[in-house]
Each structure stands twice: as structure tokens, then as C-alpha cells.
Amino acid sequence: MKNFILSMMAVVALACGLSSCNNVAPKATYKQGDVDTLAYAYGVMFGTQYSNFTDPGVVVPDTNVVMNLDNFLSGFITAIRKDTTKLDMTVDEAQEFLQNFNMKMRQQMEEKRLAEVNDNKAKGADYMAENAKKEGVVVTESGLQIQCLNEGTGAQPKEGDKVTVNYKGSLIDGTEFDANNDCEFNVNGVVRGFKEGLLSMKEGGKSIFVMPSDLAYGDRGPGQGSKIPGGATLIFEVELLKVTPAAPAKK
636 MKNFILSMMA
646 VVALACGLSS
656 CNNVAPKATY
666 KQGDVDTLAY
676 AYGVMFGTQY
686 SNFTDPGVVV
696 PDTNVVMNLD
706 NFLSGFITAI
716 RKDTTKLDMT
726 VDEAQEFLQN
736 FNMKMRQQME
746 EKRLAEVNDN
756 KAKGADYMAE
766 NAKKEGVVVT
776 ESGLQIQCLN
786 EGTGAQPKEG
796 DKVTVNYKGS
806 LIDGTEFDAN
816 NDCEFNVNGV
826 VRGFKEGLLS
836 MKEGGKSIFV
846 MPSDLAYGDR
856 GPGQGSKIPG
866 GATLIFEVEL
876 LKVTPAAPAK
886 K
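In the working numbering, the protein residues as written are 636 to 886.
Here is the structure:
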């Protein structure tokens with residue numbers, strides 16, 4: 636939060652540099668070098684940069700908190716005019732408030748994330764309990780569920796081998812998060828559940844892997860931008876096309 640507010644102030648310092656890159660001439664009512672025009676130009680640059688600050692307010696990044704625009708402008712204008720006698724809080728008090736508020740928001744976001752993770756795990760456990768009842772589903776010691784659709788007759792991959800596969804990954808609600816054909820990678824370069832499933836297959840085979848989050852991406856998920864939430868149970872449909880043995884170790 637503190638960095639967010641401070642970054643806003645940096646825009647003013649950058650405005651001259653940004654505007655110097657714009658070769659569009661000012662309107663006829665403005666004069667080159669005129670200080671009033673300079674003030675207006677600063678306002679345009681600052682306002683454009685933060686044009687999401689519109690009534691009735693603005694959502695603070697990464698939170699559901701909506702700030703009151705009038706309060707923001709009141710504090711900003713009073714501070715920029717250095718009229719400290721009219722400020723409702725000192726700069727130190729503002730910084731302390733922002734730090735405490737940021738900590739509070741982080742705590743609330745973490746509590747929300749953990750609640751979502753636990754919910755995903757519970758739903759995943761229910762799904763896997765039902766899936767284990769399906770004909771042909773084998774549950775391994777790790778908890779991975781493997782359903783062989785076609786056994787295959789070719790080579791079976793080992794640690795360090797490369798494989799070429801067709802695969803599709805989805806969540807238990809049917810959301811597809813990834814799919815690829817003729818994809819080559821090292822058996823050791825995938826999540827634990829996928830690796831374990833691959834080592835059970837043979838060339839020409841096709842299987843479905845259902846894995847709990849601890850065999851996939853855990854409580855955190857793969858990261859920002861991914862369709863896979865924390866604690867998610869994953870389903871992979873995999874066709875093993877080719878096994879490329881690892882190069883022999885050099886003596």
C-alpha cells in the first residue's frame with residue numbers, strides 16, 4: 636500500500652520526461668513555456684495516469700477496498716500545497732496508517748486464500764472418493780488415481796527419459812487449463828503425480844491421472860495468471876506416443 640501511494644507521487648516527477656516525448660504542439664490558447672500551461676500539462680499527465688480514480692471511488696489494487704475520491708483529492712491537494720495546518724494527519728501518521736492497513740489487507744487476503752484452498756481440497760477429496768469407485772481405477776500408495784484406457788505395447792519410460800505425449804489437463808469442474816499434442820519433455824520435469832503416472836505407462840498407451848494437490852501444485856498453485864487455484868485436484872488425460880531413453884552416463 637505504501638509503495639502504491641509513493642508510486643503515485645513519482646508520476647509528477649516523470650511527467651516532464653514523458654511529455655517531452657510527445658511532439659504534438661499545444662493548443663493555440665496555450666503558450667510554449669507558459670507556467671499556467673505547465674501546470675495544466677502536469678494535471679493532464681497525472682490525471683491520465685490515474686484515470687481509474689473516478690466517482691464513486693477506486694478499488695485499491697489487489698483488494699476489494701474502494702477509496703473515496705473526494706477524500707483522496709482533499710488529502711492530496713492540501714499536502715501538495717504544503718498547508719500542513721489543515722491536514723487531518725501528519726505524514727508520519729499517514730505512513731503508519733498505510734503500513735498497518737497494508738498488513739491488515741494482507742492478513743485478510745491470506746485468510747481468504749486459505750479458506751479457498753481448504754474448500755478446493757475438500758471438493759477434490761469428495762471427487763476422488765467417487766472416482767475411485769469407477770471400474771479400472773487404480774489408487775497408488777501416494778494417492779494418485781490411474782485409469783488405463785489403453786495399455787500400450789511399447790517401451791516403458793524410466794527416470795531421466797524423455798517422452799512425447801498428447802495430453803489435456805482439467806479441473807474437477809471441467810475447466811481445461813492446458814492441452815498439448817506431440818509435446819516432448821523429461822519425465823523428471825513434471826509434477827509428482829504426472830511423473831508417477833507416466834512411469835506406469837507404455838508407448839501407445841492412454842491413461843487418465845487424477846491427482847490431489849500435494850501431487851500437483853500444492854496449496855499455492857502454479858502462480859499468477861494460472862487457471863489452477865491453490866489446493867486444486869487435477870485430471871490429466873495422457874497418450875504416450877514415444878519414449879526417448881536418457882543418454883548413458885559418461886565414464
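From the three backbone atoms N, C-alpha and C, an ideal C-beta is built for every residue, glycine too.
- Distance from the CA atom of residue 715 to the CA atom of residue 743, rounded to whole angstroms, is 32 angstroms.
- For residue 801, the enclosing beta strand (DSSP E) covers residues 797-806.
- Under DSSP, residue 815 shares a beta bridge with 802.
- By the C-beta criterion, the stretch 851-870 is judged to be in contact with the stretch 803-817, since at least 3 inter-stretch pairs fall below 8 angstroms.
- Taking the Cα of residue 863 as reference, the smallest distance to any Cα among 820, 759 and 784 is reached at 759.
- Here the alpha carbon of residue 773 sits roughly 16 angstroms from the alpha carbon of residue 840.
- Counting only residues of its own chain and dropping the five nearest sequence neighbours on each side, residue 830 has a CB closer than 8 angstroms to the CB of 822 and 823.
- Put simply, the stretch 870-877 touches the stretch 838-857. At least three CB pairs are less than 8 angstroms apart.
- Around the beta carbon of residue 836, 16 or more other beta carbons lie within 10 angstroms, which makes this residue buried.
- Per DSSP, reduced to three states, the secondary structure at residue 709 is helical.
- When C-alpha distances from residue 706 are compared across 717, 724 and 747, the shortest belongs to 724.
- Residue 833 is positioned such that its CB atom lies closer than 7 angstroms to that of residue 792.
- The shortest C-alpha to C-alpha distance from residue 778 to any of 814, 762, 737 and 710 is the one to 762.
- The shortest C-alpha to C-alpha distance from residue 814 to any of 701, 737 and 802 is the one to 802.
- Scanning its chain for C-beta atoms nearer than 6 angstroms, with the 5 sequence neighbours on each side dropped, one finds around residue 856 the residues 863, 864 and 865, in chain order.
- About 7 angstroms separates the Cβ atoms of residue 798 and residue 877, confirming a contact at the 8 angstroms cut-off.
- Counted as a single uninterrupted DSSP element, the stretch harbouring residue 830 is not any beta strand (DSSP E) but the alpha helix (DSSP H) occupying residues 827-834.
- Residue 784 counts as exposed, since fewer than 16 other beta carbons sit within 10 angstroms of its beta carbon.
- Annotation: residue 766 to residue 786 spans about 20 angstroms, alpha carbon to alpha carbon.
- Per DSSP, the unbroken beta strand (DSSP E) holding residue 872 starts and ends at 869-879.
- Collapsing the DSSP output to three states places residue 715 in a helix.
- Distance between residue 682 and residue 816, taken at the CA atoms: about 48 angstroms.
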